[in-house]
Every structure is written in C-alpha cells, then in structure tokens.
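Let me begin by presenting the structure, written as structure tokens, before commenting on it.
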Amino acid sequence: MEKEVKLDPHGEALMEQFRKRLPELEQLAKDAYDQLTSALHAQGIYVTAIEHRVKSEKSLAGKLELKGAKYKSIEDVTDLVGIRVITFYTDEVDKVAAIAKCVFDIDWQESVDKRKHQLNTFGYNSLHYICRLRQGGLRFELQMRTALQHVWSTIEHDIGYKGEVKLPNEYRRQFSRLAGMLELADDEFSRLRTTVTDYRRQIQSLVKNGRLDDVQLSSDSFRSFVDLNPFDRLNKRIAAVNQAEIYPVSLMSYLPLLESFGLETLGDVQRFIEDNSEDAYLLALSQLAVTDLDILSSSTALQYLCVVYVLKNDGGRKDVKFIYDTINGKNDANDILADMILEQAKTLAFMQQERDKTT
Amino acid sequence: MKTNIHEENGQLIAILEGRLDTSVSEEVEEKMRPLHDCTDKDIVIDCTGLTYISSSGLRIFLTIVKSARAKKKPVYIKGMSANIRSVLAMAGFLNLFVFI
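Line by line, the protein sequences are chains A and B.
Residues in the first sequence are numbered from 1 upward in steps of one, following the numbering used here.
Residues in the second sequence are numbered from 1001 upward in steps of one, following the numbering used here.
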C-alpha cells in the first residue's frame, strides 16, 4: 500500500503555487525540449533519447514532505521541469553539455557533475545542469547521461527506492559493483568506436591512394571502394546503348557474391572489373539493344560483370541462378532468368572461346 | 490498362492489368498515389494481369519504392510474369522489390 503524503501548511501553499503555474511549466518543458533538440540536430549529434516532463504532483508532494522547508517559493524547486538526454557514448555527454551551454543560461551554483566520484566508489553517473531559457522564466533541470548509466539509475531507482525498508549494505555494494562494471563497458564502447573509426579512415586512405591489394574485402572497404565510382565507366557505356538514365541504388547486396567468387582484396575486385568489362558490355548490349529501356540502375554494370565472371568460369544455369538468388533472395523464377541469360550469352565471343577451350 | 487499389488484411494492394506503357503511365501514376501516402500498411503490387511494362512504368514502380524506403517499408510484388521480371533484372532493379 502506498504511503500517504502529509504536507504542512507551507508545503500545501507551495503545492498550490505549483498547480497555478502548471500551464507555464508545460510550455517551458516543450520550449526547452524543442530548443535543445533542434540545436543537437544542427550539430549532427544523434542520441538514444531525449525525454521531457513536468514533475507529477505526487512526486512533488513527496519532495515537499521531506524538505519543503528549504524552499521559500515554488520557484526554488529546480526540477519542476526536467529534460533528460541519453547518449550512446560517454564523450557525447560532454558534447551535449557544451551545446546546452550555448542554448541555455546555466545556473552553475546549482549544477552538479554526478559523474565525479571518490577514487574507490562507483554509483550514479549523470551530469545535471540547472538551466533557464535565454528569454527568462523558471529554471529547469537538464540531466545528461549514457544509455548504460541510464539503465543503472533506472533499475537502482526501481529497486532501491521501493518500500520503506532501507537496503542492507550487501545489496548496496552489488549496485556499486554493477555501476563499476557499466562504467568499464561505457569506456570500452567509446574505445571500440574510436578504433573502428580509425580503421575506416585507414581503409579510406588506402583506397584513395590506390593501394587496393593491401585492403581486405569487407563491407567497410567495399563501401569506400564504391564511393570511388569504379563501375561508373561501364555503367555509362551500357546506358549509352539506349541513352538511359542511371538510377542510383546500393551495391552492397553484391558483396556476398564477390566474396563467393573468392575475391579477397579490393585489388582482386579491381582486376575482376578490368578482366570482364568488355564482355559484360557485350552481354548487356545483346540484351538491352532490343529493348527501349531508358532507365537502368547503377548496379547494372556490376550485375553483368558477375554474370560474365560466372560464365567464363564454367558456370552453368545453377551458377547464374545463384547470382540472382544472392542479390534478390531465392526464387524459382530465377531459373527462367538464368536460362534467358544463357540463351543470349551463347552467341557472344567469350562463350565461343570457352567452348573451343573445352573441345 | 486497369488500375485498382484496395485494402485487405492490413495490406494496400494495387492490382495492375494490361499494358503499362507511356500512353497510360500518367493516369496509372495518379491512381497509384495512395501507395505513396501509405504509412501503416504493407504495399503489394499485384502484377498477375500485367502484360507489358515500359520504362515509364518502371519509373512509377521506382517512385513507389523510393517513398516506401523513406518509411523503411518494403514493396511486395505478386504474380509478375517471367518476361516482365526479366525486364526488371536487365535494368538491375530486381533487388529493390520483394517477390511473393
């Protein structure tokens, strides 16, 4: 059963002031949220969540019952409106704080960095600013913390504050241990992000400098490679057959296919393009010239390169079907596509050379 | 060319019948407008009765994919003939759709 809150006359007077100012508080919560959200977006900061709320009457009553005497008026309660920003990484808490400083006036006397603990203690980690909109009005509280810090404080609040019984030290210690563990995990996530960002930069630099044989084929490296438009020349040549427009699409679904061909580095992919471009063009020409298709996707060149590669490597119906199964999912209709490709390809020079080799 | 749009079991289904070529593309595009505005239903284009598609028809499909992708929704294609599917394949658009 919930404990009934009993307010003294001063507490009741503060509660009455709160009720009267509720519309103003609701507007403040909205304005503060809107201003902060738009500033974060403008700076390209993406966070897990931004929450805003006006303190509930029940929560305020609990607070006033405990320490109502310290407030002369309701304006002295600084968390009637609360904004909470939950970030992915620890360093983003500081970025959000820096942006908040530019958007709001901060009351430094009341603000507190609850991430600063004694050397040997672990617990609630969060940065709290008491702010005011630049245009004035009541103060509000801005809490900034990571997702893991948020999980800890939410669970600790849920378990630790329920009921009347004070938690024994043994259980409080378990909370501290978990806080320490999550602090480590937060640091590791930040470190991992930095490592991955460095790796991506390194790959981009190798690709840019043309050292393609040094770069293993992976989703990151292939994306960087595709940014250099390696299929552009062949795409434009194929598009010229029907003066077609080239419609941009993602090429990432072709990566598993290239890996299945045994291509291990971007150098291998570059050679794959050089070795097969002419025949890919001839195959595309044989298919498209008899149509009036004047729109092609930017994956057209890569698709024909894959087909030609398979055919040149003794591939048959099953192997051509595998191409379409990989890029579009398994489908019996891909057998018909494979047959159509094989039929059109058999008149091409490279297929005749392949046949001559086998006879 | 017939274009019919209806809702069924949480899906917005467009049924196309006949030849989708330049002469009818403007009219079909207009009739397909609800597919662009759809936010809460799966989009299905029933091509069982579709006998031909030109580039202008393909463009209609592509604009639908584009607006669906902005809402992180796939576009399902039902009953497409092998010939029309091969047109999509030739143009490199096969993997933009989910075939059911």
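Where is the CB? At the ideal position from N, CA and C, for every residue including glycine.
Everything numeric in this text was worked out from a predicted model, so none of it was measured.
Closer than 7 Å at the beta carbon, the chain B residues around residue i
i	result
Tyr247(A)	Leu1062
Gln243(A)	Ordered by position in chain B, no residue passes the 7 Å Cβ test against Gln243(A), which lies about 11 Å from the chain.
Asn276(A)	Result: empty, since nearest Cβ-Cβ is about 16 Å, beyond 7 Å.
Met340(A)	Ser1086
Asn331(A)	Phe1099
Gln303(A)	Gly1092
Residues bridged to residue i (per DSSP)
i	result
Cys131(A)	Ile106(A), Phe140(A)
Arg216(A)	Reading the sequence as shown, one finds Gln at residue 216(A) and not Arg. Paired residue(s): Thr265(A).
Leu1012(B)	Glu1007(B), Ile1043(B)
Tyr247(A)	Ser297(A)
Arg1033(B)	Answer by DSSP bridge pairing: none, since Arg1033(B) is not bridged.
Phe1061(B)	According to DSSP, which records beta bridges pairwise, Phe1061(B) is partnered with nothing at all.
Phe1099(B)	Ile1077(B)
Arg271(A)	Arg271(A) is not bridged to any residue.
Leu1020(B)	Ile1053(B)
Thr146(A)	Thr87(A)
Listed by chain order, chain B residues near residue i by CB distance under 9 Å
i	result
Ile327(A)	Leu1094, Asn1095
Ser286(A)	Here the premise fails: no neighbours, minimum Cβ distance about 11 Å.
Ser253(A)	Asn1095
Contact set between residue i and chain A, taken where Cβ atoms lie within less than 7 Å
i	result
Ser1055(B)	Asp292, Leu293, Asp294, Ile295
Beta-carbon contacts of residue i that lie in its chain and below 7 Å, excluding the five residues immediately before and after
i	result
Val112(A)	His128
Arg193(A)	Tyr89
Ser1054(B)	Leu1020, Asp1021, Thr1022
Glu75(A)	Leu138
Val1028(B)	Met1001, Thr1003, Leu1020, Ile1060
Val269(A)	Leu217, Phe225, Leu258, Leu263
Val93(A)	Thr87, Leu127, Met144, Arg145, Thr146
Pro256(A)	Thr326
Tyr71(A)	Leu14, Val77
Leu148(A)	Leu182, Ala185, Asp186
Phe287(A)	In the sequence as presented, Phe is not what sits at residue 287(A); that position holds Gln. The residues are Gln344.
Tyr309(A)	Phe261, Phe272, Asn276
Chain A residues whose Cβ lies nearer than 8 Å to that of residue i
i	result
Arg957(B)	Look at the range of chain B in this structure, 1001 to 1100, and you will see that residue 957(B) is not part of it.
Leu1058(B)	Leu293, Ile295
Cross-chain neighbours of residue i in chain B, by beta carbon under 8 Å
i	result
Tyr324(A)	Ala1089, Leu1094
Ile273(A)	The contacting residues do not exist; Ile273(A) stays about 16 Å from chain B at best.
Ser299(A)	Gly1092, Asn1095
Ile336(A)	Ala1082, Arg1085, Ser1086
Close-in-space but distant-in-sequence residues of the same chain around residue i (CB under 6 Å, 5 per side omitted)
i	result
Leu337(A)	Tyr324
Asp214(A)	Leu206
Phe1099(B)	Ile1077
Ala32(A)	Ile83, Phe140
Glu12(A)	none
Tyr304(A)	Ala280, Leu283, Ala284
Ile106(A)	Tyr129, Cys131
Endpoints, the alpha helix (DSSP H) within which residue i is located
i	result
Gly1049(B)	That residue, Gly1049(B), is in no alpha helix (DSSP H); its beta strand (DSSP E) goes 1042-1053.
Glu1008(B)	Segment 1002-1008 is the beta strand (DSSP E) holding Glu1008(B); no alpha helix (DSSP H) there.
Lys20(A)	9-20
Val1087(B)	1082-1090
Tyr124(A)	It is not in any alpha helix (DSSP H) - Tyr124(A) carries neither H nor E in the DSSP assignment.
Pro256(A)	255-260
Proximal residues to residue i (C-beta, below 8 Å), its chain only, five neighbours per side dropped
i	result
Lys1041(B)	Glu1007, Gly1010, Gln1011, Leu1012
Lys236(A)	Ile246
Limits of the beta strand (DSSP E) - the one that residue i falls within
i	result
Lys1078(B)	1075-1078
Heavy atom of the ligand FMN within 8 Å of residue i beta-carbon
i	result
Glu1030(B)	Among the components modelled here there is no ligand, and therefore nothing to report on the ligand FMN.
Task: Runs of alpha helix (DSSP H) lying entirely within the stretch 285-356 of chain A, each at least 4 residues, in chain order - done: You should have 300-312, 317-328, 333-345.
Task: Runs of alpha helix (DSSP H) wholly within the stretch 38-120 of chain A (minimum 4 residues, chain order) - done: 57-67, 90-103
Task: Segments assigned alpha helix (DSSP H), at least 4 residues, entirely inside the stretch 185-234 of chain A - done: For the stretch 185-234 of chain A, whole alpha helix (DSSP H) runs of length 4 or above, ordered along the chain, are 219-227.
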